[in-house]
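The structure appears below as structure tokens.
2 protein chains.
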Amino acid sequence: MKIYKESLDAMLAIVRDYTQQTTDMEIERRVYDIIAEVRTNGDAALKAYSEKFDGVSIEEFKVPQEEIDAAYESLSDDLKAALLKAKTNITEFHSREIEQGFVDMDTPGIIRGQKVIPLARVGLYVPGGTAAYPSTIIMTALPAKIAGVKEIIMVTPPQKDGINPAVLGAAKLAGVDAVYQVGGAQGVAALAYGTETIPKVDKIVGPGNIYVATAKRQVFGQVDIDMIAGPSEIGVIADDSANPVHLAADLLSQAEHDPRARAIMVTTSESLANVVSDEVERQLKLLPRESIARPAIENNSYIAIMDSIEDMFTVMNEVAPEHLEIQLPDPMNYMSLVQNAGSVFLGAYASEPLGDYVGGTNHVLPTSGTARFSSPLGVYDFVKRTSFTQFTKERLEEVAKHITTLARTEGLEAHARAIEVRFEK
Amino acid sequence: MKIYKESLDAMLAIVRDYTQQTTDMEIERRVYDIIAEVRTNGDAALKAYSEKFDGVSIEEFKVPQEEIDAAYESLSDDLKAALLKAKTNITEFHSREIEQGFVDMDTPGIIRGQKVIPLARVGLYVPGGTAAYPSTIIMTALPAKIAGVKEIIMVTPPQKDGINPAVLGAAKLAGVDAVYQVGGAQGVAALAYGTETIPKVDKIVGPGNIYVATAKRQVFGQVDIDMIAGPSEIGVIADDSANPVHLAADLLSQAEHDPRARAIMVTTSESLANVVSDEVERQLKLLPRESIARPAIENNSYIAIMDSIEDMFTVMNEVAPEHLEIQLPDPMNYMSLVQNAGSVFLGAYASEPLGDYVGGTNHVLPTSGTARFSSPLGVYDFVKRTSFTQFTKERLEEVAKHITTLARTEGLEAHARAIEVRFEK
Chain H
70 MKIYKESLDA
80 MLAIVRDYTQ
90 QTTDMEIERR
100 VYDIIAEVRT
110 NGDAALKAYS
120 EKFDGVSIEE
130 FKVPQEEIDA
140 AYESLSDDLK
150 AALLKAKTNI
160 TEFHSREIEQ
170 GFVDMDTPGI
180 IRGQKVIPLA
190 RVGLYVPGGT
200 AAYPSTIIMT
210 ALPAKIAGVK
220 EIIMVTPPQK
230 DGINPAVLGA
240 AKLAGVDAVY
250 QVGGAQGVAA
260 LAYGTETIPK
270 VDKIVGPGNI
280 YVATAKRQVF
290 GQVDIDMIAG
300 PSEIGVIADD
310 SANPVHLAAD
320 LLSQAEHDPR
330 ARAIMVTTSE
340 SLANVVSDEV
350 ERQLKLLPRE
360 SIARPAIENN
370 SYIAIMDSIE
380 DMFTVMNEVA
390 PEHLEIQLPD
400 PMNYMSLVQN
410 AGSVFLGAYA
420 SEPLGDYVGG
430 TNHVLPTSGT
440 ARFSSPLGVY
450 DFVKRTSFTQ
460 FTKERLEEVA
470 KHITTLARTE
480 GLEAHARAIE
490 VRFEK
Chain A
70 MKIYKESLDA
80 MLAIVRDYTQ
90 QTTDMEIERR
100 VYDIIAEVRT
110 NGDAALKAYS
120 EKFDGVSIEE
130 FKVPQEEIDA
140 AYESLSDDLK
150 AALLKAKTNI
160 TEFHSREIEQ
170 GFVDMDTPGI
180 IRGQKVIPLA
190 RVGLYVPGGT
200 AAYPSTIIMT
210 ALPAKIAGVK
220 EIIMVTPPQK
230 DGINPAVLGA
240 AKLAGVDAVY
250 QVGGAQGVAA
260 LAYGTETIPK
270 VDKIVGPGNI
280 YVATAKRQVF
290 GQVDIDMIAG
300 PSEIGVIADD
310 SANPVHLAAD
320 LLSQAEHDPR
330 ARAIMVTTSE
340 SLANVVSDEV
350 ERQLKLLPRE
360 SIARPAIENN
370 SYIAIMDSIE
380 DMFTVMNEVA
390 PEHLEIQLPD
400 PMNYMSLVQN
410 AGSVFLGAYA
420 SEPLGDYVGG
430 TNHVLPTSGT
440 ARFSSPLGVY
450 DFVKRTSFTQ
460 FTKERLEEVA
470 KHITTLARTE
480 GLEAHARAIE
490 VRFEK
């Protein structure tokens, strides 16, 4: 792995260079055309795109319930047990995220508050092929269930040899109400606008390729979306107390996701940096996905040697990693230094894959530096708020002058009159 | 106003026809080019666009603090008092929106939780000219302040005769840290990517024209944004107990915002529908902004006569209005029927303009049907969450098998090894 030993400012500039994002206008336009076509021609457009992009001719988009039930039954006992454990732990953790509204009745004659209301219908996007992760289905569907969403539907690209049974089984376990076999930008468009067979949803969540991500961005506003998922990332903050074999294995666990994945370690120890770098190379050669992990390690990953604990956190907050491991003694003490990270793993035994599956926290996390402003997927993503206000005549009269002053300052005479008309004789 | 008396299904179809949204690919491309130019050339691009679009040659983007202080001092006592009252009430209400993280330590050996962290820097977009509303500045800046955001900056288009003092005064009152005179898509691009003089932010909030809205959508992902604001809307649910003069005035208060604004009333009373329709016409003729309000009323607004209270709410939930007035006896009883609305105004004296200024609730609200999935702007929009997990070796060992089973099902061998390496002799 590339090792940097730079000043703090120089290191921050290097971090920024690694995180530049770009948009491709050609993809934007192709996705725009696909969405327009689905809006106009509905199911017929979906059929045409499925033949063109997936090479599959679809008669029925909706996967029959019997196929879903059979898929679940076909799973091994070990896999069922693992999925059930994940479900239990995710449910436990996410139940703490349930939010309540409030009512403020402190002032006589005024009632004000906020009501928290679950979204009515949510759509999950699940990628096809090797990126079809059953764990992601439970990570996206369960928070929606816990929030009280009434209907959860799922789209996933059709496969020549049928949809992965683990995906269908996880959908059943997570309480998904219907599965439709349609993917890509056309699948996103169907969820956003609805077709003859697929109902439109209020929010679309889940990862996908660049076409899916672009489509999600384009339909944002028509429906809500979760964050646009980029390549996986792991950041590790470690000192000499950490085990380099563990560190290397953790760095590689994210590198194996994607050639564009990033594994970044920051340490105060030059010797640890060297040992981990060698250990990454040793373990990398033994990995079945070496061809994916190697470009991730060689092109996007690095170790930075810094002078102090504070500088390590400053650099890592600039990275704003999806996953952050703090492998320092008494790691909880450093939570106050974390400004930007999706999910933090504390100490020697909170290895990042724990959080991917059964730790209880969500694994749908902000990537590409978006932890600066966004959160792990949670129950709060599947509710919205409505505020409400009731004033008596007397209470309105007390503030009437302020309202009419502000309205007229803004040139909004009808606003002022709506108040005044209530006090005319 | 147009009056419909249709079956529930027919009325729902009519509502859907009114709420269709479109995107303009030509505007998308022009905005894309502007953003690319600002990313490449920074301040020089901003200067060129300000000359081209605003007809103003800018030397210094940053408005001097003395100019801001002087603007505040120049405001009338009435306006200062109104802004201060608004600030007090908004602060009171929004302080209830502060969220806490949590720590789950119920299982020995496991610590899991969530930390709520304020965004570091937020950018407000404030439109120029007649749409420069001081009230919107306090509605956007105060929740960010209450959330704990350290730095709030504002961009607003340059004006040939200087920026509106009410806008600068409100910025001072709301605690905005810096004001830059740059607007349009280029202003949004500057906030998203930063230039030599304007620092990049974590989130951009505030309304704007179609170029601003398109730019916000395009930079979403690089930064967070609030919802894309469409034309204003008011929905009114009323029966014979309501005062038609008040109702007409309230409908017009939103119609005067924009020729594309929508004012929609649903009632069980045919006679009320007729009287309100006539009263709207009578009051409309007396409005200074009649030329704006008339097309809004004639093209986008209507009254629907329905058979029952339930049907009124079903239709209004399909509209999903930005503002909803419930002018029925005991209006609070009907909050349970509200699925989709930005802010609800209950009873005869909660006229909608109360919420625009001093009621305490936020006036930045979801429009164009987006109340289906989004919320009033609030303190929750200016924080993000980070989850954290700590497991002892024993606790990890208990779930190790589940993790490796799931990892290998998903073809992620390095994930499995990151766990197993911790238990090797």
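Residue numbers (the numbering used here), protein chains in the order written: chain H, 70 to 494; chain A, 70 to 494.
Ideal Cβ positions, reconstructed from N, Cα and C, are used throughout, including at glycine.
Query, Result
"Cα-Cα separation between Leu341/A and Asp309/A, rounded to whole angstroms", "6 Å"
"Simplified DSSP assignment, three categories, for Phe122/A", "helix"
"DSSP-derived helix/strand/coil call for Ala201/H", "coil"
"Interface residues of the segment 410–425 of chain H facing chain A [CB-CB below 9 Å]", "Ala410, Gly411, Ser412, Val413, Phe414, Leu415, Gly416, Ala417, Tyr418, Ala419, Ser420, Glu421, Pro422, Leu423, Gly424 and Asp425"
"Per-residue contacts from Tyr101/H into chain A (C-beta, under 7 Å)", "Met94"
"Reference Val292/A, options Val314/A, Gly275/A, Glu421/A and Tyr262/A, closest by Cα", "Tyr262/A"
"Three-state class that DSSP yields for Gln291/A in the structure shown", "coil"
"N-terminal and C-terminal residue of the beta strand (DSSP E) that Met80/H is part of", "Careful: Met80/H lies outside any beta strand (DSSP E), inside the alpha helix (DSSP H) at Leu77 to Tyr87."
"Segment contact flag, the segment 383–402 of chain A with the segment 428–439 of chain A, C-beta cutoff 8 Å, min 3 pairs", "yes"
"For Glu489/H and Gly411/A, the rounded distance between their alpha carbons", "24 Å"
"Residue-level contact to chain A via CB, Val245/H, 8 Å cutoff", "no"
"Close-in-space but distant-in-sequence residues of the same chain around Lys116/A (CB under 8 Å, 5 per side omitted)", "Ser126 and Ile127"
"Any chain H beta carbon closer than 8 Å to Ile137/A", "no"
"Which of helix, strand or coil DSSP assigns to Ser405/H", "helix"
"Identity of the residue in Gly424/A, Asp123/A and Asn343/A nearest Ala307/A by Cα", "Asn343/A"
"Within chain A, partners of Val314/H - CB distance below 7 Å", "Val490"
"DSSP bridge partner residues for Ser456/H (one or two, in chain order)", "Gln183/H and Ser412/A"
"Proximity winner among Leu475/H, Val468/H and Asp450/H, relative to Glu168/H (alpha-carbon distances)", "Asp450/H"
"Alpha helix (DSSP H) segment containing Leu320/A, residue limits", "Pro313 to Ala324"
"Where Ala465/H meets chain A, residues with beta-carbon distance less than 8 Å", "According to the sequence as given, residue 465/H is Leu; it is not Ala. Those are Tyr418, Ala419, Ser420 and Leu423, listed as they occur along chain A."
"Listed by chain order, chain A residues near Lys272/H by CB distance under 7 Å", "Phe442"
"Which listed residue (Gly447/A, Arg85/A, Met70/A and Arg108/A) has its alpha carbon closest to that of Glu265/A", "Arg108/A"
"N- and C-terminal bounds of the alpha helix (DSSP H) containing His484/H", "Glu482 to Glu489"
"Validate contact between the segment 464–473 of chain A and the segment 208–216 of chain H using beta carbons, cut 8 Å, 3 pairs", "no"
"Alpha-carbon to alpha-carbon, Ile294/A and Val236/A", "21 Å"
"Met334/H - partner residues in DSSP beta bridges", "Val305/H and Ile372/H"
"Interface partners of Tyr202/A on chain H, CB under 8 Å", "Glu479"
"Run of the beta strand (DSSP E) containing Ile222/A, from where it starts to where it stops", "Glu220 to Thr225"
"Cα-Cα separation between Ser76/H and Tyr371/H, rounded to whole angstroms", "15 Å"
"Within 8 Å, strictly: CB atoms of Pro268/H and Thr205/H", "no"
"Bridge partner(s) assigned by DSSP for Arg190/A", "Glu220/A"
"Beta carbon proximity, Leu448/A to chain H, threshold 8 Å", "Going by the sequence as given, residue 448/A is Val instead of Leu. It does not; no Cβ of chain H falls within 8 Å."
"Sheet register partners of Lys272/H (DSSP bridge)", "Val191/H and Asp293/H"
"For Asn368/A, the nearest candidate out of Thr383/A, Ile378/A, Met375/A and Pro328/A (CA to CA)", "Pro328/A"
"Residues near Arg190/A by beta carbon distance below 6 Å, same chain, minus five either side", "Glu220, Val270 and Asp271"
"Chain A contact residues for Phe289/H, given Cβ-Cβ distances below 7 Å", "Arg286 and Phe289"
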